[in-house]
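Asks: Per this note's numbering, the sequence shown starts with residue 8, numbered consecutively.
We treat Cβ as the ideally placed atom computed from N, Cα and C, and that holds for glycine.
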Amino acid sequence: MRRVAVPLSLTPEAARPRDGRPVALGGPTMGVTWSLRAWAPRTLSDAVLSAAVQAACDTVVAQMSTWEPASDLSCYNDAAPGTWAPAPAHLLTVLGAALETAELSGGAFDPTVGPLVDLWGFGAAGATTVEPAVASLRAARVGWRDLRIDTENGRIFQPGGLRLDLAGIAKGFGVDLAARALEGLGVRDYLLEIGGELRGGGVKGDGEPWWVEIEAPPEGELAEVPILVALHGLSIATSGDWRRAWSAGGRRYSHTLDPATRAPVEDAIAAVSVLHPDCMRADALCTALTVLGPAAPDFADRHDIAAHIVSRGADGLREWVSPALGRLLD
């Protein structure tokens, strides 16, 4: 048994299959992999399709990776205090969305957590299994309101000590950018994934939707049956605390950091999945909801976010489905 979530845009007309051929491609990017399943025009070769996706991924790495010393983001992080660093259009787009999410979530999502990411061993500075010193955490400059971007002139101001990390939004943007590249080539029916973040358009060659099962933590079992989502003009992003973490002294430290406490989030929320037309927005909202913890359901309800939240309790895993997601299930 499964539950099924279907967007209202998936009408019989929209599900009508088109002429084409099946495609299954993949490659490395951002420390993970990308994969493409599509029903593509016969005039497009695998090489052309693969190059389009890889180029989009490479653009995100070149502009937004903290692991690449020459990326635009790394150059900003290393810029001298009181200077403006150049920023290309895609980086500015992602930063604009990051600031909007920060404002919406009251800072639960914060693109300036770079110093904390490094201190807790999840960044390019290298891994650790030791809690950082309290003094180091307090000294780290973190605060999204200190971030100034100048879209008109393509630049970002470095006040000194501000280090950006876009791991909670860049992968989603990469999915959107690659999807736009495919659509520009005439591909309308596809399922595109980068490191667990997915976006679907159109339908399969037989007219069936691109079905994706909402992820749940690998440990334990939910009492509820799985949810299958038809990704037709939709994206899904999932944040799970089992993906990147380290343990010490009987405690697990998740890669999702709370800017307010300057520490990894507690274990109360095990997984969050968000559905949104834009994968970039779904990606950022996943992080915000994870950080919000017990306040996440109210936040998702108030902002009409299609969210699936799995929390841990004394009696095991519990599921919460937002009203917006519930409407798709109905």
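1) Per DSSP, which residues does aspartate 196 bridge with? Please list them.
2) Output the distance between the C-alpha atoms of serine 81 and glutamate 231, rounded to the nearest integer angstrom.
3) Let me check understanding here. Comparing Cα to Cα, which of Thr50, Thr36 and Ala59 lies closest to glutamate 75?
4) Provide the residue span of the alpha helix (DSSP H) that contains glycine 179, from first to last.
5) Give me whichever residues DSSP pairs with phenylalanine 164 in a beta bridge.
6) Report buried or exposed for arginine 187, applying the criterion of at least 16 other Cβ atoms within 10 angstroms of its Cβ.
7) Going by CA-CA distance only, name the one from Trp127, Gly130, Val55 and Val101 that's closest to phenylalanine 116.
8) Taking threonine 222 as part of the beta strand (DSSP E), name the residues at either end of that continuous run.
9) What are the partner residues of glutamate 326, as DSSP defines its beta bridges?
10) Which residue comes first and which comes last in the beta strand (DSSP E) that contains histidine 283?
11) So what does DSSP say about valine 68, is it helix, strand or coil?
12) So, at 6 Å on beta carbons, what are the nonlocal neighbours of arginine 269 in its own chain, with the 5 sequence-adjacent residues on each side left out?
13) In the segment 69-145, which residue ranges form an unbroken alpha helix (DSSP H) of at least 4 residues, counting only runs that do not cross its ends?
14) Just how far apart, CA to CA, sit lysine 178 and valine 30?
15) State yes or no: is the C-beta of tyrosine 197 within less than 8 Å of the C-beta of leucine 32?
16) Please work out which residues of its chain come closer than 6 Å, Cβ to Cβ, to threonine 90, disregarding the five sequence neighbours upstream and downstream, and give them in chain order.
17) Of the choices Ala291, Pro284 and Ser280, whose alpha-carbon is the least far from that of valine 317?
Replies: Let me lay it out:
1) Your numbering for residue 196 matches position 189 in the sequence shown. Answer is Trp46, bridged to aspartate 196.
2) What you label residue 81 is simply residue 74 of the sequence shown in a count that begins at 1. What you label residue 231 is simply residue 224 of the sequence shown in a count that begins at 1. The straight-line gap from Cα to Cα measures roughly 44 Å.
3) Taking the sequence shown and counting its residues from 1, the one referred to as residue 75 is at position 68. By alpha-carbon distance to glutamate 75, the top candidate from Thr50, Thr36 and Ala59 is Thr36.
4) Here residue 179 refers to the residue found at position 172 of the sequence shown. Residues 177-191.
5) Within the sequence shown, residue 164 is the residue found at index 157, counting from 1. Beta bridge pairing from DSSP links phenylalanine 164 with Trp91 and Arg155.
6) As a first step, residue 187 must be located in the sequence shown, where it is residue number 180. Exposed: under 16 other Cβ atoms inside 10 Å.
7) Residue numbering aside, residue 116 sits at position 109 when the sequence shown is read from its first letter. Taking only the C-alpha atoms, the option nearest phenylalanine 116 is Val101.
8) For this step, residue 222 is matched to residue 215 along the sequence shown. In the sequence on display, residue 222 carries glutamate and not threonine. Unbroken run through glutamate 222: none, as it is neither H nor E.
9) Mapped onto the sequence shown, residue 326 falls at position 319. Partner(s): Val317.
10) On the sequence shown, residue 283 is found 276 positions in, with the first residue counted as 1. Per DSSP, histidine 283 belongs to the beta strand (DSSP E) from 276-283.
11) In the sequence shown, the residue the question calls residue 68 occupies position 61. Shown here, valine 68 sits in a helix according to DSSP, grouped into three states.
12) Counting from one through the sequence shown, the residue named residue 269 turns up at place 262. Same-chain partners within the cutoff: Leu123 and Leu144.
13) Segments of the alpha helix (DSSP H) lying fully in the segment 69-145: 79-84, 96-111 and 121-126.
14) By one-based count along the sequence shown, residue 178 stands at place 171. By one-based count along the sequence shown, residue 30 stands at place 23. Lysine 178 and valine 30 have their C-alpha atoms spaced approximately 22 Å apart.
15) Within the sequence shown, numbered from 1, the residue matching residue 197 stands at position 190. Within the sequence shown, numbered from 1, the residue matching residue 32 stands at position 25. No Cβ-Cβ contact shorter than 8 Å links tyrosine 197 with leucine 32.
16) What you label residue 90 is simply residue 83 of the sequence shown in a count that begins at 1. Excluding its 5 nearest sequence neighbours in each direction, threonine 90 has C-beta neighbours in its own chain below 6 Å: Gln165, listed in chain order.
17) For the purposes of this step, residue 317 is taken as residue 310 along the sequence shown, with counting starting at 1. Answer by Cα proximity: Ser280.
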